[in-house]
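Peer 1: Using the working numbering, the first residue of the sequence shown is number 51, and each one after it goes up by one.
Backbone N, C-alpha and C define an ideal beta-carbon position, used for all residues, glycine too.
Because the structure is a prediction, the values reported are computed rather than measured.
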Amino acid sequence: MNATLENDVNKRDKAKNVKPLRQLWPFIINYPIIILNFLLFLILAATLNLGITEAFRVIVDCGFNEEKLIPKSCSRYAMGDINNLGSYFKFGMIIGLGLAIFSALRFYFISILGQRVIADIRKSIYAKLTTLSSEYFERVHTGEVLSRLTTDTTLIETVIGSSISFAIRSIAVSIGALIWMFFISWKLTLMVAAIGPIIIIPAIIIGRKIRTLSIESQDNLAQASARAGESISSIQTVQAFTREKKEISDFNNSVESTFNAHKKRIFVRSFMTFIIFGLGIISIIGVMWFGANVAVNSELIDGKPSLSGGQITQFIFLAFMVVSSSGFLTSTWTELLRASGATQRIMELLKEDPVIKSPLNPKAISVLKGNIEFNNVSFSYPSRLNDKALDGINLSIKSGEVVAFVGPSGAGKTTIFKLLLRFYDIQSGSITIDGNPIKLLRTKDLRKQFSIVQQGSPLFSGSAMDNITYGREGASIEEAYKASKMAFADEFIKKLPKGYNTDLGEAAETLSGGQKQRIAIARTILRDAPILLLDEATSSLDSDSEKEIQKAIETMTQSKTTLIIAHRLSTVLKADKIVVLDHGKIIEIGTHKDLLENKRLYSRLSKHQFNDSEIL
Ligand SMILES: Nc1ncnc2c1ncn2[C@@H]1O[C@H](COP(=O)(O)OP(=O)(O)OP(=O)(O)O)[C@@H](O)[C@H]1O
Ligand SMILES: [Mg+2]
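#1: How do the region 559 to 578 and the region 507 to 514 stand: do at least 3 beta-carbon pairs fall below 8 Å, yes or no?
#2: As a quick exercise: from Lys535, Ala537, Ile78 and Arg156, pick the residue whose alpha carbon is nearest that of Ser215.
#3: Does DSSP put Phe152 in a helix, in a strand, or in coil?
#4: Helix or strand or just coil, what does DSSP make of Arg654?
#5: Is any non-hydrogen atom of ligand 1 found closer than 6 Å to the C-beta of Arg522, if you look at the structure I gave you?
#6: Taking Gly101 as part of the alpha helix (DSSP H), name the residues at either end of that continuous run.
#7: If we count Cβ pairs, one from each stretch, closer than 8 Å, do we get three or more for the region 396 to 413 versus the region 433 to 449?
#8: Rounded to whole angstroms, what's the CA-CA distance from Met51 to Thr201? Just pull it up for me.
#9: Report buried or exposed for Leu86, applying the criterion of at least 16 other Cβ atoms within 10 angstroms of its Cβ.
#10: Taking the continuous beta strand (DSSP E) assigned at Gly640, which residues delimit it?
#11: Just reading off the alpha helix (DSSP H) that Ile443 is part of, what are its end residues?
#12: DSSP on Val629, reduced to helix/strand/coil?
#13: Counting beta carbon pairs with one atom in the region 318 to 337 and one in the region 298 to 305, are three or more of them shorter than 8 Å?
#14: Taking DSSP as the reference, what is the three-state secondary structure of Ala530?
#15: Look at Arg472 and Ile483 and say whether their C-beta atoms are less than 7 Å apart.
#16: If you draw a straight line from the alpha carbon of Ile481 to that of Gly521, how long is it in whole angstroms?
#17: Between the alpha carbons of Ala95 and Ile316, how many angstroms are there, rounded?
#18: When every heavy atom of ligand 1 is checked, does at least one fall within less than 6 Å of the C-beta of Tyr431?
#19: Here's the rule I'm using: 16 or more other beta-carbon atoms within 10 Å means buried, otherwise exposed. How should Thr203 be labelled?
#20: With DSSP run on the structure shown, which of helix, strand or coil describes Val68?
#21: Ligand 1 and Ala461: does the residue's C-beta get closer than 6 Å to at least one heavy atom of that ligand?
#22: Would you decide whether Glu186 is buried or exposed? Buried here means 16 or more other CB atoms lie within 10 Å of its CB.
#23: Pick out the complete alpha helix (DSSP H) segments inside the region 286 to 352, 4 residues or longer, and give them in chain order.
#24: Closer than 8 Å by C-beta to Phe321: which residues in its own chain qualify, once you throw out the five before and the five after it? Chain order, please.
#25: Between which two residues does the beta strand (DSSP E) harbouring Ala454 extend?
#26: Alpha carbon to alpha carbon, what distance is there between Phe365 and Leu100?
#27: What do you reckon, is the C-beta of Thr464 under 6 Å from a heavy atom of ligand 1?
#28: Indicate whether Phe467 and Ile443 have their beta-carbon atoms separated by less than 7 Å.
#29: Is Met143 buried or exposed, if buried means 16 or more other CB atoms sit within 10 Å of its CB?
#30: Just the Cα atoms here: how many angstroms apart are Ser408 and Leu386?
#31: Where Leu238 and Ile168 are concerned, what is the direct C-alpha to C-alpha distance, given to the nearest angstrom?
#32: For Phe327, tell me which candidate among Phe88, Val373 and Ile298 has the shortest Cα-Cα distance.
#33: Less than 7 Å between C-beta atoms, sequence neighbours within five positions excluded: which residues of the same chain meet that for Gly457?
#34: Look at the alpha carbon of Leu645 and the alpha carbon of Tyr550, and state the distance between them as a whole number of angstroms.
#35: Output the boundary residues of the beta strand (DSSP E) element that contains Ile415.
#36: What are the boundary residues of the beta strand (DSSP E) that includes Glu16?
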């Protein structure tokens, strides 16, 4: 776990109780064989764990006693000669070996179960995330979503794989040990029970202190790493401003305060070790001293003490097991609470209902022609319900038309595209394609009607080929080359170090803006859907490349309905119709010539906005 993640783990809210953990059950119960194996080896290991103490008793009582004092029961354990000390050691070793095997198997099965369950939970979270609507990702930040996928699942993983397993084992062993102790001597058992709180209470108090201190140290470290991450990713800015010294001293300070926080924590921890060991061992030995006196002096039966040396040894071991298990349980409790909080958050996410859903009985469609109608459409983004991003839009686009959208920044051009793809639902009015209200179509069928080049041409990490073939499932390499040539991307891709197989880096950051656009266009050409949406598809190209792209788009648009958000005159000149938007409203619709004559927003825009307006 890296520092930030660890810090995240501590900051995440804890639940008030462990009830939410129950919701993990449906994931766990899928693996009954693993669970049964775990339980089997848990019981066997716990039994042998107690059995080890019996082995110690036997070794002491049977192996070291004077012959006449050897209890009859010893013959049971004698593997060979009853008088041979080695026999009893062999008995002990066999139990030890069994304990080792069963403990290993118990660990194996519970860890596999933990990993299996967590793998399933991660898969469900991711599958769920891909179905959620844009509205969700505006409400819940990416960092938060990702930490559910990583930090929260990791918390649960430790809980299933270790905490719960150790807790169950500790409880089983403690109960077994207490019962056994009771049989050996109930009086001594009660005395041990009385000293329990003396050890457990300080352990809880100091444990809390340690937790706050470790959060403090992790906070410091997380800040330092976050800062370092930021300056390294903009190392050119740091170096250009010659601020290396300041960056180094800032980082050093955070590292030093992390160290100081750790020092405090280590001190408290050492103190706790002293208290627990000191109090624990001293008080148990004290009880035994007392017990031994009682046993030896006053309770002689048939001339023998009522407790044998072996029994006293066994009792000490059992008592120690109980005390250390209870100490362990107190520290597990906080972990269980944290995992419970994590489970709560994950289950909330898994129960999240996407706002945009396909209708229950969607209308069956295959390929549409692309007649688009907006009837009195008004829309506000869910995070800004008081602001109308689109207001009373009426628009009719015929199949095969090329329509250009122009308008100032923030006018609502991109929003129109998002509504067509149904990333959001409109508040009033209707949008239809070939007469079908888009709400009545399966969202997948609807989105298959569109090829889009988005603003900023977002690409993925991976090779150039991967990014192009992303356009259509099952597209062949030949088709991809063809699309790439049409988008005039072929030439520059071939010059990359490994051609089409060049890794483009995270979000294709090794490419220039114009190169990214051409790949995005190739991807869109490959998709070959009836309606094309181009959001400023040519904005970062120089005029030569732009002309080439223009040609590519022309061939691409021939048989398709095309909506282009245009920042270039050459684009609007080719359009059948220009739609001018401002503040979410349509101000004007017409051809370039009509609109220039109107002398309204368009004629002003065309003077200032179009990069190539000088040819007007
Ligand atoms: N996800 C969102 N949540 C809330 N408001 C948004 C969201 N996306 C856009 N907006 C707002 O909606 C309005 C229209 O935005 P839109 O992206 O459609 O503008 P645009 O015309 O494409 O502008 P540009 O030319 O700068 O790309 C803007 O005021 C913007 O701030
Ligand atoms: Mg836009």
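Peer 2: Based on what the coordinates show:
#1: Contact holds between the region 559 to 578 and the region 507 to 514, because three or more Cβ pairs, one in each stretch, are under 8 Å apart.
#2: That would be Arg156, whose Cα lies nearest to the Cα of Ser215.
#3: Phe152: helix per DSSP, three-state reduction.
#4: Of the three classes helix, strand and coil, the one that applies to Arg654 here is helix, per DSSP.
#5: No, since every heavy atom of ligand 1 falls outside the 6 Å radius drawn around the Cβ of Arg522.
#6: From DSSP, the alpha helix (DSSP H) with Gly101 extends over Pro82 to Val108.
#7: Too few Cβ pairs lie closer than 8 Å, so no.
#8: With a pLDDT of 38 at Met51, under the threshold of 50, the predicted position of this residue should be treated as unreliable, and no value is reported.
#9: The residue is exposed, with fewer than 16 neighbouring Cβ atoms inside 10 Å.
#10: Run containing Gly640: Lys635 to Gly640, per the beta strand (DSSP E) assignment.
#11: Premise fails: Ile443 lies in the beta strand (DSSP E), Leu440 to Ile447, not in any alpha helix (DSSP H).
#12: Reduced to three states, the DSSP call for Val629 is strand.
#13: Touching, no.
#14: Ala530 falls in the helix class under three-state DSSP.
#15: No, they are not a contact pair.
#16: So the alpha carbons of these two residues sit roughly 25 Å apart.
#17: Computed Cα separation, rounded: 33 Å.
#18: Within the cutoff, so yes.
#19: Per the 10 Å Cβ criterion, buried.
#20: Coil at Val68, not helix or strand.
#21: Within the chosen limit of 6 Å, ligand 1 reaches the beta carbon of Ala461 through at least one heavy atom.
#22: The question names Glu, yet the displayed sequence has Tyr at residue 186. The C-beta of Tyr186 has 16 or more other C-beta atoms within 10 Å across all chains shown, which makes the residue buried.
#23: The alpha helix (DSSP H) runs of length 4 or more contained entirely in the region 286 to 352 are, from start to end of the chain, 294 to 348.
#24: Answer for Phe321: Ile256, listed in chain order.
#25: Taken as a continuous stretch (DSSP letters only), the beta strand (DSSP E) holding Ala454 covers Val452 to Val456.
#26: Taking the straight line from one Cα to the other gives about 11 Å.
#27: Yes, since a heavy atom of ligand 1 falls inside the 6 Å radius drawn around the Cβ of Thr464.
#28: Not a contact, by the Cβ cut-off of 7 Å.
#29: Around the beta carbon of Met143, fewer than 16 other beta carbons lie within 10 angstroms, which makes this residue exposed.
#30: As the crow flies, the alpha-carbon of Ser408 is around 39 Å from that of Leu386.
#31: Cα-Cα distance, rounded: 45 Å.
#32: Of the residues Phe88, Val373 and Ile298, the one whose Cα lies closest to the Cα of Phe327 is Val373.
#33: So the list reads Lys463, Val630, Leu631 and Asp632, once near-sequence residues are dropped.
#34: One C-alpha to the other measures close to 44 Å.
#35: Annotation for Ile415: no beta strand (DSSP E) segment contains it, and DSSP assigns it neither H nor E.
#36: In the structure as shown, the chain begins at 51 and stops at 666. Residue 16 is therefore absent and cannot be evaluated.
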